[in-house]
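Inspection log for the structure reproduced underneath, given as structure tokens.
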Amino acid sequence: MRKNIVAGNWKMNNDLAATKTLISELENQVKTSEAEVMIAPTFTNLLEASKLLKDCNIEVIAQNMHFAENGAYTGEISASMLKSVGVTTVILGHSERREYFNETDEILKQKVEAALENNMRVVFCFGEQLEDRKSENHFNIVEGQIKNVLFHLETEAWKNIVLAYEPVWAIGTGETASPEQAQEMHKFIRGLVNSNYNDIVSENVSILYGGSVKPANAKEIFSNPDVDGGLIGGAALNAESFMAIVNAF
Ligand code: PGA
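End of the sequence shown sits at 1051 in my numbering; the numbers just go up one at a time, nothing left out.
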């Protein structure tokens, strides 16, 4: 059976001191949760976060990585570097990476391959822009983003793939896809995976929703049959609101 996951994407927020504070607040509040819980601090705080959460059931994950193993890529971080600080899951394809850092499907394909070769788990993000939805092109856009990056993978590789549907118009805007819009898209995505692979893969892949998930709307969004959790930005920066979302399952 697929897992429910709630992942906090801290983006470029929280220096070392703030990271320690937020982690200690989370540790105090996390008990047994129905969902797997992940947090993605910035690169410079991954080591400290991994150490602090060593005995806690919150997984520390990365927000990005480079596809090369090492070499002349100034400013970049590789899979093995992440693993050396205890990180074995990475978010790839976030819309901010696509928009501000020109990450294309071709680059993301290489990144996904590099992560999987390193036995890492990937939280792969995708989602349409507002104009795509207005022109009713959202299903095509999402299909292309998934197909171009993931559909060449072997069936076996899907054990390490988590999907995250994040409509760009809902990220950080306070606007959320309605529970119906989320379910409709998630069902479509599961159907795509099913027709390219099989029932086992499509029933076992977790599909998260991201985009202005808050304590007030989490329960309704997560109660959809094809929504298996959330990727949380703004609301993950506060322990109380993040834990309220985790406990919405
Ligand atoms: P948000 O961000 O919850 O602040 O909308 C979600 C994300 O970018 O993953």
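Quick reminder that beta carbons are idealized off the backbone N, C-alpha and C, glycines included.
None of these values were measured; they are calculated from a predicted model.
Between residue i and the rest of its own chain, which residues show a CB-CB distance below 7 Å, the 5 nearest in sequence each way excluded?
i: Asn815; result: Leu1039
i: Leu1052; result: The structure shown does not extend to residue 1052, since the chain is modelled only from 803 to 1051, so the question has no answer here.
i: Ile943; result: Glu930, Asp934
i: Thr907; result: Residue identity differs from the one stated: residue 907 is Asp in this sequence, not Thr. Only Gln947, Asn950, Val951 meet the Cβ criterion.
i: Lys821; result: Sequence inspection shows Thr at residue 821; the Lys mentioned does not correspond to that position. So the list reads Pro843, Asn847, Glu850, Ala851, once near-sequence residues are dropped.
i: Lys1021; result: Ala1050
i: Gln831; result: Ala1041, Met1045
i: Pro981; result: Glu1022, Ile1023, Asn1026
Quick one: what's got a C-beta closer than 6 Å to residue i's C-beta in the same chain, skipping five residues either side?
i: Arg804; result: Asn1006, Ser1008, Asp1030
i: Leu849; result: Val887
i: Glu905; result: Arg899
Considering only C-alpha positions, which residue in the set the options is nearest to residue i?
i: Ala1041; options: Lys856, Pro1017, Lys1021; result: Pro1017
i: Phe869; options: Ile863, Ser882, Glu861, Cys858; result: Ser882
i: Thr975; options: Ala842, Leu994, Ser1014; result: Ser1014
i: Glu871; options: Leu854, Asn920, Gln983, Gln831; result: Asn920
i: Thr844; options: Phe1051, Glu827, Ala819; result: Ala819
i: Ser826; options: Phe928, Met1045, Phe1051; result: Met1045
i: Gly1035; options: Ala1050, Glu1022, Gly1012; result: Gly1012
i: Phe1069; options: Val964, Val925, Pro969, Arg899; result: Since the first residue shown for the chain is 803 and the last is 1051, residue 1069 is missing from the structure and cannot be characterised.
i: Lys936; options: Trp971, Val924, Arg923; result: Trp971
Counting C-beta neighbours from all protein chains within 10 Å, is the total for residue i 16 or more, i.e. buried, or is it exposed?
i: Pro1027; result: exposed
i: Gly993; result: exposed
i: Gly877; result: exposed
i: Cys858; result: exposed
i: Glu958; result: exposed
i: Glu838; result: buried
i: Ala874; result: exposed
i: Asn1000; result: exposed
i: Tyr967; result: buried
i: Phe1024; result: buried
i: Ser1004; result: buried
Please check if any C-beta of chain B sits within less than 8 Å of the C-beta of residue i.
i: Ile807; result: Within the model displayed, chain B is absent; a lone protein chain is all it includes.
Can you give me the start and stop residues for the beta strand (DSSP E) that residue i sits inside?
i: Thr891; result: 891-894
i: Phe926; result: 923-928
i: Gly1012; result: 1009-1012
i: Tyr967; result: 963-967
How far does the alpha helix (DSSP H) with residue i in it extend, from its first residue to its last?
i: Met840; result: Counting along the chain, Met840 falls outside any alpha helix (DSSP H), though it belongs to the beta strand (DSSP E) covering 838-842.
i: Val995; result: 981-998
i: Tyr875; result: Unbroken run through Tyr875: none, as it is neither H nor E.
Just list the residues that DSSP pairs residue i with in beta bridges.
i: Leu918; result: DSSP output for Leu918 lists no bridge partner at all.
i: Val808; result: Val839, Gly1032
i: Glu827; result: Paired residues: none, contrary to the question.
i: Glu861; result: Met840
Excluding the 5 residues preceding and the 5 following residue i in the sequence, name in chain order all residues of the same chain whose CB lies nearer than 8 Å to its CB.
i: Ser880; result: Met867, His868, Ala870, Glu871, Asn872, Ala916
i: Gln1053; result: Lying outside 803 to 1051, the shown extent of the chain, residue 1053 is not represented and no answer is given.
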